[in-house]
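These notes are about the structure you will find just below.
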Amino acid sequence: MYDVKSLKAEEFINDEEIQETLKYAQENKNNRALVDAILKKAEDMKGISHREAAVLLECDLPDEVEKMFHLAKKIKDRFYGNRIVMFAPLYLSNYCVNGCTYCPYHYKNKHIARKKLTQEDVRREVIALQDMGHKRLALEAGEDPVNNPIEYILECIQTIYSIKHKNGAIRRVNVNIAATTVENYRKLKEAGIGTYILFQETYNKKSYEALHPTGPKSNYAYHTEAMDRAMEGGIDDVGLGVLFGLNMYRYDFVGLLMHAEHLEAAQGVGPHTISVPRICPADDIDVNTFSNAIPDEIFEKIVALIRIAVPYTGMIISTRESKRVREKVLQLGVSQISGGSRTSVGGYVEPEPEEENSSQFDVSDRRSLDEVINWLLEMGFIPSFCTACYREGRTGDRFMSLLKSGQISNCCQPNALMTLKEYLMDYASEETKKNGEKLIEKELENVTNEKVRSLTREHLKDIAEGKRDFRF
1 MYDVKSLKAE
11 EFINDEEIQE
21 TLKYAQENKN
31 NRALVDAILK
41 KAEDMKGISH
51 REAAVLLECD
61 LPDEVEKMFH
71 LAKKIKDRFY
81 GNRIVMFAPL
91 YLSNYCVNGC
101 TYCPYHYKNK
111 HIARKKLTQE
121 DVRREVIALQ
131 DMGHKRLALE
141 AGEDPVNNPI
151 EYILECIQTI
161 YSIKHKNGAI
171 RRVNVNIAAT
181 TVENYRKLKE
191 AGIGTYILFQ
201 ETYNKKSYEA
211 LHPTGPKSNY
221 AYHTEAMDRA
231 MEGGIDDVGL
241 GVLFGLNMYR
251 YDFVGLLMHA
261 EHLEAAQGVG
271 PHTISVPRIC
281 PADDIDVNTF
291 SNAIPDEIFE
301 KIVALIRIAV
311 PYTGMIISTR
321 ESKRVREKVL
331 QLGVSQISGG
341 SRTSVGGYVE
351 PEPEEENSSQ
361 FDVSDRRSLD
371 EVINWLLEMG
381 FIPSFCTACY
391 REGRTGDRFM
401 SLLKSGQISN
411 CCQPNALMTL
421 KEYLMDYASE
431 ETKKNGEKLI
441 EKELENVTNE
451 KVRSLTREHL
461 KDIAEGKRDF
471 RF
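All the letters of the sequence shown, read from the start, carry residue numbers 1 to 472 under my numbering.
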């Protein structure tokens, strides 16, 4: 039975409810009156239900689809403006005991190089990331209780936060590791993590179990209920995601929104972020074996509709996607992107030799961080390295209430400009610096609070003189 507040996976992600939703959406796909009514409701920017979103996803009337794209951009501009938060993944270890059929880290893969960073390796990789200009990391590790116990993850987090090199510092560490216990989530919270991220991969239980035949990840309920345990452990910023292409995208789209609705209903606050990765080539993985892979136009529509359905949630896209696709979805809802990423264990200090390939997936966007920053500037976006909300305790429902009220812009806009200024002074190429300074001067005028704008101007001068880490 479907129960949005239940803590049981098969009740808040209820197969019967999803099937009925998909049937309803198919029957009403070109019901123009209904589609218009849903879009009218969505204009209030308070979100729409999973069933309403499914109708929009199914609708193929060109003029209505255009309205969806236009509204998604409007909502994104309302809550996130033209700010794009930057981050980089750091893979700690690819040792894994799971048998996931879509991931080259699966334990049966004997020809991928198995690696695990020592604390000295972590230190060197973090310095390399700091020297690129990064301030926010997403830690990744395979599931292996012997090689990657929680104590190892905690030690790595401590090492990362301890490193201050020149003007560099990692100010926020997000963590993407396997589902674990409430006790371990408490330990992660105490270690000072930002967001806990865990991809569901697919919400279809039957498909999930087929894709995860062995290992602890094969337990569908334990995995799906992880976010509730994380929140019980005190982590109030959590990040959802599915790997589009593993299962029918319509099913996973609905399941993803149901999970967001569940967290809002059961925990009082929805997901801090939603990631939208797609299946892509990797060692030992042929994307052609996954018949549910989705084309760009469907992917772009999914991004737009997630933004419409959950307007307050940050959306993340990685270097899995090409420059062209990333450029499109930045307009439709994405608010965080990676830049200069490596998906191997290590690889930031020096490129990984081909014979030692340890990467989880192939990177499509191979540009350096500076090239990505300059590209964003040329499109009129503000690349932001801000971590202020996390460090000021504006997390969970406190962050969401500020975002919904619009007050967060008094913090986000100036913080974005000041962290961009830091990047320009410390790491940028001459062309990027020139474009960035021009954008900062222009965007300062869009800081509506006169007192905040004046103080921001002062801090920008202080940054130019060598001072760092100002925040509202």
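Note that beta-carbon positions come from the ideal geometry of N, C-alpha and C, so glycine has one too. Since this is a predicted model, take the numbers as computed values, not measurements.
Can you pull the DSSP bridge partners for residue 138?
89, 174
Any idea which residues DSSP pairs residue 273 with across the strands?
239, 314
In whole angstroms, give me the CA-to-CA distance for residue 287 and residue 94.
Unreliable positioning characterises residue 287 in this predicted model, as indicated by a pLDDT of 48, which lies under 50. The coordinate reading is nonetheless provided below. C-alpha separation (whole angstroms): 20 Å.
Would you grab the beta carbon distance between residue 245 and residue 185 for me? Rounded to a whole angstrom, and I think it's under 8 Å.
Not a contact, Cβ separation roughly 29 Å.
By DSSP, does residue 53 sit in helix, in strand, or in coil?
helix
Distance, Cα to Cα, residue 335 vs residue 399?
15 Å
List the residues that DSSP assigns as beta-bridge partners of residue 278.
244
Determine the direct distance from the alpha carbon of residue 365 to that of residue 320, and round the result to whole angstroms.
7 Å
Counting only the same chain and skipping the five closest in sequence on each side, list residues whose C-beta sits under 6 Å from that of residue 424.
433, 436
Kindly list the residues whose CB is nearer than 7 Å to the CB of residue 150, restricted to its own chain and excluding five residues on each side of it in sequence; keep chain order.
180, 184, 187
Output the distance between the C-alpha atoms of residue 109 and residue 165, rounded to the nearest integer angstrom.
37 Å
Tell me, to the nearest whole angstrom, how far the beta carbon of residue 13 is from that of residue 231; I am working on the premise that it is less than 8 Å.
That belief does not hold up - the Cβ atoms of residue 13 and residue 231 are roughly 16 Å apart, past 8 Å.
List the residues that DSSP assigns as beta-bridge partners of residue 345.
91
On the DSSP letters alone, give me the boundaries of the beta strand (DSSP E) that residue 384 sits inside.
382 to 384
What does the alpha-carbon distance come out to for the pair residue 346 and residue 133?
17 Å
Suppose the cutoff is 7 Å on Cβ atoms and the five residues either side in sequence are ignored; what does the same chain contact list for residue 459 look like?
418, 470
Which one or two residues does DSSP pair with residue 168 in a beta bridge?
165
Do you know how far the Cα of residue 70 is from the Cα of residue 42?
12 Å
Whole-Å CB distance - residue 90 paired with residue 140, under 8 Å assumed:
7 Å
Using 8 Å as the threshold, is the C-beta distance between residue 39 and residue 68 below it?
yes
DSSP on residue 222, reduced to helix/strand/coil?
helix
Are residue 315 and residue 303 touching if we call contact CB-CB under 8 Å?
yes
Do the CB positions of residue 99 and residue 214 come within less than 8 Å of each other?
yes
Between the region 74 to 84 and the region 116 to 134, do at least 3 Cβ pairs fall closer than 8 Å?
no
Let me confirm a value: residue 30 is counted as buried when at least 16 other C-beta atoms fall within 10 Å, else exposed. Which label applies?
exposed
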